[in-house]
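Peer 1: Take this structure first; my questions come after.
Number of protein chains: 2
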Amino acid sequence: MAVYTDVGFEELEGLLAAYDIGVPLTFKGIAEGVENSNFYLQTDRAAFIVTLYEKRVRTTDLPFFLSLMEHLAGHGLSCPQPLRSRAGAQSFTLKERSGAIFTFLTGVSLRKPDTVHCAAAGRALAQLHEAGRDFNLTRTNALSLAGWRELADATRARADAVERNLGELIGEALGGLERGWPRSLPAGVIHADLFPDNVLFMQEKVSGLIDFYFACNDMYAYDLAVMLNSWCFEIDGAYNVTKSKALIAAYQTTRPLTPEEQMALPVLMRGAALRFLLTRLFDWLNPDPNALVRPKDPREYAKRLRFHMKVKQASEYGL
Amino acid sequence: MAVYTDVGFEELEGLLAAYDIGVPLTFKGIAEGVENSNFYLQTDRAAFIVTLYEKRVRTTDLPFFLSLMEHLAGHGLSCPQPLRSRAGAQSFTLKERSGAIFTFLTGVSLRKPDTVHCAAAGRALAQLHEAGRDFNLTRTNALSLAGWRELADATRARADAVERNLGELIGEALGGLERGWPRSLPAGVIHADLFPDNVLFMQEKVSGLIDFYFACNDMYAYDLAVMLNSWCFEIDGAYNVTKSKALIAAYQTTRPLTPEEQMALPVLMRGAALRFLLTRLFDWLNPDPNALVRPKDPREYAKRLRFHMKVKQASEYGL
Numbered sequence: 002m003a004v005y006t007d008v009g010f011e012e013l014e015g016l017l018a019a020y021d022i023g024v025p026l027t028f029k030g031i032a033e034g035v036e037n038s039n040f041y042l043q044t045d046r047a048a049f050i051v052t053l054y055e056k057r058v059r060t061t062d063l064p065f066f067l068s069l070m071e072h073l074a075g076h077g078l079s080c081p082q083p084l085r086s087r088a089g090a091q092s093f094t095l096k097e098r099s100g101a102i103f104t105f106l107t108g109v110s111l112r113k114p115d116t117v118h119c120a121a122a123g124r125a126l127a128q129l130h131e132a133g134r135d136f137n138l139t140r141t142n143a144l145s146l147a148g149w150r151e152l153a154d155a156t157r158a159r160a161d162a163v164e165r166n167l168g169e170l171i172g173e174a175l176g177g178l179e180r181g182w183p184r185s186l187p188a189g190v191i192h193a194d195l196f197p198d199n200v201l202f203m204q205e206k207v208s209g210l211i212d213f214y215f216a217c218n219d220m221y222a223y224d225l226a227v228m229l230n231s232w233c234f235e236i237d238g239a240y241n242v243t244k245s246k247a248l249i250a251a252y253q254t255t256r257p258l259t260p261e262e263q264m265a266l267p268v269l270m271r272g273a274a275l276r277f278l279l280t281r282l283f284d285w286l287n288p289d290p291n292a293l294v295r296p297k298d299p300r301e302y303a304k305r306l307r308f309h310m311k312v313k314q315a316s317e318y319g320l
Numbered sequence: 002m003a004v005y006t007d008v009g010f011e012e013l014e015g016l017l018a019a020y021d022i023g024v025p026l027t028f029k030g031i032a033e034g035v036e037n038s039n040f041y042l043q044t045d046r047a048a049f050i051v052t053l054y055e056k057r058v059r060t061t062d063l064p065f066f067l068s069l070m071e072h073l074a075g076h077g078l079s080c081p082q083p084l085r086s087r088a089g090a091q092s093f094t095l096k097e098r099s100g101a102i103f104t105f106l107t108g109v110s111l112r113k114p115d116t117v118h119c120a121a122a123g124r125a126l127a128q129l130h131e132a133g134r135d136f137n138l139t140r141t142n143a144l145s146l147a148g149w150r151e152l153a154d155a156t157r158a159r160a161d162a163v164e165r166n167l168g169e170l171i172g173e174a175l176g177g178l179e180r181g182w183p184r185s186l187p188a189g190v191i192h193a194d195l196f197p198d199n200v201l202f203m204q205e206k207v208s209g210l211i212d213f214y215f216a217c218n219d220m221y222a223y224d225l226a227v228m229l230n231s232w233c234f235e236i237d238g239a240y241n242v243t244k245s246k247a248l249i250a251a252y253q254t255t256r257p258l259t260p261e262e263q264m265a266l267p268v269l270m271r272g273a274a275l276r277f278l279l280t281r282l283f284d285w286l287n288p289d290p291n292a293l294v295r296p297k298d299p300r301e302y303a304k305r306l307r308f309h310m311k312v313k314q315a316s317e318y319g320l
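Top line first, the protein sequences correspond to chains A and B.
Okay, so the first sequence: first residue is 2 according to our numbering, each after it adds one.
Okay, so the second sequence: first residue is 2 according to our numbering, each after it adds one.
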């Protein structure tokens, strides 16, 4: 975690003149996220996050992300709310990068969420899905079936060097998903990356959801599968069905799953595991020499995918 | 700038139980300093900085640094004040590193300080010297004459690959300093690294001094020379004598320089420039593969040293 673009206070000061947010008192780069440069800004009125978008976030996607956060915050979800400049602009340009200023959310993300946190986060995901219902921009999920096929092709030759039979696992899983990926489940705006790093807690309550830069339109239950993959495996690789049960049940108090969604859970779990396996494998095989973070180990998700490949029915996930 | 050691909130939580500082609300790694890992911690009572010391700060030096900051803060200087645990401990161990918790100082450091900032910072340096007068621990300056000789020897073979005739410049400057380095100027605790990054401002007033990890016992006027070197050169390499005059005059309102100190200024300026030239040159030639920051260009200080080599008398610095 690091700051990629160095911003001096004097550079910020010029920018702030365009906003009505008070006199700056503190400005510090913060080590958060792997895609962008983030700064903590405290003024005499409130605290804010200033984000500069590095190359991974496409400028053409920014209006979707920023409008979505504005929409969700306006519909009662606790997420970073982009501030508009006096002239009404949602974003700015600084050092050849697009950027935005957001409200600062209090809370801490957890490395080892307990069952009670899993439940609270599951409920928050359903609230996000509900709050996004009438949002009118759309963004295709670039990291679904077609994207996975591209990543599988791009990594096939070297996959087995990372782990024995990894190429075969990917080929088998992807083939199955291409044949059996659900096409008509309830869909809308999803977060698509709601890992524990992206949920802030104050004690046992969710105080905010962050990092909407993979948000897109896709199946709601796929978003749930991403969460179950990232919240319910223990460090030893075991699937914790108590956490899983609690997370799903809490989700359903706000948005009950349809019978079709419930049936599809095993295939969605394989898809979600494959998505993170493939992006991590690609980054592992193609490390960015300028990156300030180490690529994440893809084998963690290979192990999860192998687990899902043996699951026969949704009830094994505590449904 | 980056965080070297990753600390999860749960790891922090256990530590906080030993301190009486309230309930944690926010905890974020911040990109500050090049030597340590720093975290911003907000509780329901106040904001704090949590520092973990990486290899460059020797554990045996920590009592000096921490006691010094405690002493200076107790004597009215605005600097990070280390908190003591309920048991009275000044530091802790986490992830095999020593660490400490400090009060958080509001303010921003400037990339391009104006004359008014130079004056305010100069006054703050004199206040630091006065506040440290009766501090009873001592620490030798490892980066003075003997240290420079070691660094010159370690970099000689490759110095000219960095800049033409750099080895000769270093040899000539160091020889002169070894013959003429002052021995009997007023001395005491100095900061030894009071660059603009280490001075926080609120508008035109200094709100705090930070980063005491080069502090040691040495000549006060050498500390002033370090500041003049780092605050008074413009980006184009010109020495700004207006800033220099203002900084020295403001220093003298709190602690007037003796005639001997004034006379010695040119040699002290060469010494201070050589010190940063040598450490930067060494780091440039021996980059740490694990570092998350790029080494600073040593040539900036070679240029400053060449300027000082031509100075004949103290008045050229605006004295």
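The beta-carbon is built from N, C-alpha and C at its ideal position, and this holds for glycine as well.
Would you be able to state if there are at least three C-beta pairs under 8 Å between the segment 150–167 of chain B and the segment 220–236 of chain B?
Peer 2: Verdict: no, contact absent.
Peer 1: Under 9 Å between the Cβ atoms of residue 23(A) and residue 7(A)?
Peer 2: The answer is no: Cβ separation not under 9 Å.
Peer 1: Could you tell me which chain B residues have their CB closer than 8 Å to the CB of residue 31(A), listed as they occur along the chain?
Peer 2: Within chain B, the residues near residue 31(A) are 29, 30, 31, 32, 41.
Peer 1: Under 9 Å, CB to CB, which of the residues in the segment 92–120 of chain B have a partner in chain A?
Peer 2: Listed by position, the residues of the segment 92–120 of chain B near chain A (Cβ gap below 9 Å) are 105, 106, 107, 108, 109, 110, 111, 112, 113.
Peer 1: Start and end of the beta strand (DSSP E) containing residue 217(B)?
Peer 2: Where residue 217(B) is concerned, the enclosing beta strand (DSSP E) stretches over 217–220.
Peer 1: Based on Cα-Cα distance, which residue from 12(A), 73(A), 98(A), 89(A) lies nearest to residue 36(A)?
Peer 2: The option with the nearest alpha carbon to residue 36(A) is 98(A).
Peer 1: Just to confirm, is the Cβ distance from residue 125(B) to residue 210(B) under 9 Å?
Peer 2: For residue 125(B) and residue 210(B), yes; Cβs fall inside 9 Å.
Peer 1: Does the distance from the C-beta atom of residue 256(A) to that of residue 306(A) stay below 9 Å?
Peer 2: No, these two residues do not count as a Cβ contact at 9 Å.
Peer 1: Count the CB pairs spanning the segment 300–318 of chain B and the segment 259–275 of chain B that are closer than 8 Å, and state whether there are at least three.
Peer 2: Enough Cβ pairs lie closer than 8 Å, so yes.
Peer 1: Select from 224(B), 134(B), 21(B), 186(B) the residue whose C-alpha is nearest the C-alpha of residue 86(B).
Peer 2: Residue 21(B) is the option with its Cα nearest to residue 86(B).
Peer 1: Nearest chain A C-beta to residue 26(B) closer than 9 Å, yes or no?
Peer 2: By this cut-off, residue 26(B) is an interface position.
Peer 1: Check for me: the alpha helix (DSSP H) holding residue 326(B) runs from which residue to which?
Peer 2: Since the first residue shown for chain B is 2 and the last is 320, residue 326(B) is missing from the structure and cannot be characterised.
Peer 1: Compute the Euclidean distance between the alpha carbons of residue 195(A) and residue 138(A), then round it to the nearest angstrom.
Peer 2: Whole-angstrom Cα-Cα distance: 20 Å.
Peer 1: At the level of alpha carbons, what is the spacing between residue 25(B) and residue 78(A)?
Peer 2: Going from the Cα of residue 25(B) to the Cα of residue 78(A) covers about 22 Å.
Peer 1: Can you give the Cα-Cα distance for residue 318(A) and residue 244(A), rounded to whole angstroms?
Peer 2: Between residue 318(A) and residue 244(A), the C-alpha separation is close to 10 Å.
Peer 1: Please classify residue 314(B) as buried or exposed, where buried requires at least 16 other C-beta atoms within 10 Å of its C-beta.
Peer 2: Exposed, because fewer than 16 other Cβ atoms sit within 10 Å of the Cβ of residue 314(B).
Peer 1: Output, in sequence order along the chain, the residues in the segment 184–208 of chain B whose CB is closer than 7 Å to any CB in chain A.
Peer 2: Going along the segment 184–208 of chain B in chain order, one finds 203 with a Cβ nearer than 7 Å to chain A.
Peer 1: So, does the CB of residue 66(B) fall closer than 9 Å to a CB anywhere in chain A?
Peer 2: Residue 66(B) does not count as touching chain A.
Peer 1: Express the C-alpha separation of residue 212(A) and residue 104(A) in angstroms, rounding to a whole number.
Peer 2: One C-alpha to the other measures close to 13 Å.
Peer 1: In this structure, does DSSP put residue 22(B) in helix, strand or coil?
Peer 2: Correct three-state label for residue 22(B): coil.
Peer 1: Need the endpoints of the alpha helix (DSSP H) that residue 243(B) sits in, please.
Peer 2: 242–255 is the span of the alpha helix (DSSP H), which, as asked, contains residue 243(B).
Peer 1: Between residue 110(B) and residue 51(B), which are expected to be in contact by the criterion C-beta below 8 Å, what is the C-beta distance as a whole number of angstroms?
Peer 2: Incorrect: roughly 19 Å between the Cβ atoms, too far for contact.
Peer 1: So which residues on chain A does residue 10(B) lean against when the C-beta distance must stay under 8 Å?
Peer 2: By Cβ distance, chain A contributes 109, 110, 111, 112.
Peer 1: What residue does the alpha helix (DSSP H) around residue 10(A) start on, and which one ends it?
Peer 2: 10–17 is the extent of the alpha helix (DSSP H) around residue 10(A).
Peer 1: For a test of the three-state rule: what should DSSP assign to residue 58(B), helix, strand or coil?
Peer 2: Here residue 58(B) sits in coil by DSSP.
Peer 1: For residue 82(A), does the count of other Cβ atoms within 10 angstroms reach 16, so buried, or fall short, so exposed?
Peer 2: Result: buried.
Peer 1: At which residues does the alpha helix (DSSP H) containing residue 163(A) begin and terminate?
Peer 2: Residues 146–163.
Peer 1: Would residue 281(B) be called buried (16 or more neighbouring beta carbons within 10 Å of its own) or exposed?
Peer 2: So residue 281(B) ends up on the buried side.
Peer 1: Fully enclosed by the segment 102–132 of chain B, which alpha helix (DSSP H) runs are 4 residues long or longer?
Peer 2: The qualifying runs are 116–132.
Peer 1: If I measure Cβ to Cβ from residue 278(B) and keep anything under 6 Å in the same chain, skipping five residues before and after, which residues do I get?
Peer 2: Cβ within range, chain order: 299, 302, 303, 306.
Peer 1: Taking its Cβ as the centre, do 16 or more other Cβ atoms sit within 10 Å of residue 38(B), making it buried, or is it exposed?
Peer 2: The residue is buried, with at least 16 neighbouring Cβ atoms inside 10 Å.
Peer 1: What does DSSP give as the partner residues of residue 83(A) in its beta bridges?
Peer 2: Answer by DSSP bridge pairing, in chain order: 103(A).
Peer 1: Check the Cβ-Cβ distances between residue 259(A) and every residue of chain B, and say whether any is below 9 Å.
Peer 2: No, because no Cβ of chain B sits closer than 9 Å to the Cβ of residue 259(A).
Peer 1: List the endpoints of the continuous alpha helix (DSSP H) containing residue 44(A).
Peer 2: Where residue 44(A) is concerned, there is no enclosing alpha helix (DSSP H), although the beta strand (DSSP E) it sits in stretches over 37–44.
Peer 1: Can you tell me the Cα-Cα spacing of residue 11(A) and residue 18(A), whole angstroms?
Peer 2: Roughly 11 Å separates the two Cα atoms.
Peer 1: In three-state terms, what does DSSP make of residue 185(B)?
Peer 2: Three-state result, residue 185(B): coil.
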